[in-house]
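Take a look at the structure set out below.
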Amino acid sequence: MLNNYFKNKFPFAFNYFSNLLDLTKEGIRDFPQALIFEGADTKNQYLFALELARILNCQNNGEIDCDCINCRWIKSHSHPCVNNVSQIHFKGENDETKTVISVKQAAEIEKSLSLSSDYHRFFIFFSSREYNYAENELACFRELLYDDNINYSIEPLNYQTFNPATLNALLKSIEEPPKRTTFIFLTKSREDILATIVSRCLVFKLSGEKTSITYNDILNIISNYPNITYQNCFDLSDMFQKYIKDENINIEEILNKILEYLKDLLKKNISNSSFVLKINNDIKIVNEAIKYKKANMQDKIILDTMFLKIARGY
Ligand SMILES: [Zn+2]
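Listed below in structure tokens is the structure:
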């Protein structure tokens with residue numbers, strides 16, 4: 340059912356929703372009424388939301404090449420009950436707001452839910468503006484949709500565009516929607532959404548859980564080495580913390596990669612005795628950091644301490 344396109348992109352969510360969709364289609368379980376997708380790839384979060392909507396509305400068994408009216412509508416952005424909600428989508432006639440998702444839109448949604456529907460209704464919330472895609476950005480749309488004629492950006496929600504007033508106005512709709520209604524919020528992180536909403540949603544990290552990081556990832560971040568100074572050591576620590584969070588990986592994996600990198604560097608510079616001394620010293624510091632991790636110290640403290648020690652040399 341779920342397009343294999345998502346199998347590598349979001350492996351955990353792919354498995355979870357594959358099972359859930361089967362159970363929902365068989366009438367054994369209800370599909371969740373509110374979901375938060377978090378992670379860096381908002382465009383693919385959006386396509387994943389559309390794919391869920393397609394399968395739940397398909398008149399056949401949801402195969403990717405199905406050509407039933409619902410599949411056709413969704414793949415061509417014209418399904419009457421699969422709604423984008425953003426600063427530029429789902430605006431009522433008297434709504435002059437252009438930079439926020441407004442309280443009026445929340446009221447409009449509540450009104451639309453008071454009417455009965457034969458479809459599984461979707462409201463997909465994201466930030467958006469008019470946007471012309473470059474040719475290389477369109478490939479993912481062609482993979483899943485009938486056309487790539489999309490003239491709006493797909494960006495994560497934040498407090499500026501999706502403020503507490505609107506969220507509060509939406510609470511009732513999210514809490515007690517009619518059956519077969521699903522709200523999906525596309526975010527970078529659940530922290531960008533009001534906690535009262537988050538507590539009513541199932542949260543999925545759709546970041547494409549990588550199992551191993553590449554050498555190049557580390558090289559990119561640590562490109563300052565050996566010039567790590569008091570001025571930049573905490574920035575480096577912040578970048579690594581962000582990387583660990585975004586990629587959902589364990590700090591030990593990072594530390595081991597740094598070790599590998601340093602040992603490699605050592606081999607290449609074996610004739611430069613002062614540099615060898617420096618690298619050997621830093622290898623000791625990284626090994627200490629690995630010990631701190633085993634003692635359950637917080638990532639931030641481990642990384643701050645490690646880069647500070649590397650900067651000052653002891
Ligand atoms: Zn279909």
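For the sequence shown, the numbering used here begins at 340 and goes up steadily by one.
Cβ coordinates follow ideal geometry from the N, Cα and C atoms, glycine included.
Its Cα nearest to that of Lys-443, the residue Phe-429 stands out among Tyr-569, Ser-456, Ser-453, Phe-429.
With a beta-carbon spacing of about 16 Å, Ile-649 and Asp-603 fall beyond the 8 Å limit used to define contacts.
Counting C-beta pairs closer than 8 Å gives fewer than three between the region 404-414 and the region 375-384, which falls short of the contact rule. Relative to ligand 1, the beta carbon of Cys-479 is positioned no closer than 7 Å to any heavy atom.
For Lys-544, the uninterrupted beta strand (DSSP E) segment begins and ends at 541-544.
Here the C-alpha atom of Leu-541 lies approximately 18 Å from the C-alpha atom of His-459. With a contact defined as Cβ atoms closer than 8 Å, Glu-469 and Tyr-491 qualify at about 6 Å.
The residue from Asp-556, Ile-560, Ile-513, Ser-562 with its alpha-carbon nearest to that of Ser-538 is Ile-513. For Val-442, the uninterrupted alpha helix (DSSP H) run begins and ends at 442-452, by DSSP. Contact check for Ile-375 and Phe-524: beta-carbon distance about 5 Å, within the 8 Å limit, so the pair qualifies. For Glu-377, the enclosing beta strand (DSSP E) starts and ends at 373-377.
Rounded to the nearest angstrom, the Cβ distance from Ser-451 to Ser-425 is 16 Å, too far for a contact under 8 Å.
Distance from the CA of Asp-361 to the CA of Arg-368, rounded to the nearest whole angstrom, comes to 9 Å. In the three-state scheme derived from DSSP, where H, G and I count as helix and E and B as strand, Glu-515 is classed as coil. Environment of ligand 1, chain-ordered: Cys-397, Asn-399, Cys-405, Cys-407, Cys-410, taking every residue with Cβ within less than 5 Å of a heavy atom. The continuous stretches of alpha helix (DSSP H) do not include Ile-403, and DSSP gives it neither H nor E. Proximity to Ile-640 across Leu-575, Thr-505, Tyr-600 peaks at Leu-575, based on C-alpha coordinates. Residue state for Asn-507 is assigned as helix, using DSSP reduced to three classes.
For Phe-522, the enclosing beta strand (DSSP E) begins and ends at 520-526.
Gln-398 and Gln-372 have their C-alpha atoms spaced approximately 21 Å apart.
For Arg-393, the enclosing alpha helix (DSSP H) stretches over residues 381-396.
Look at Asn-422 here: in three-state DSSP terms it is strand.
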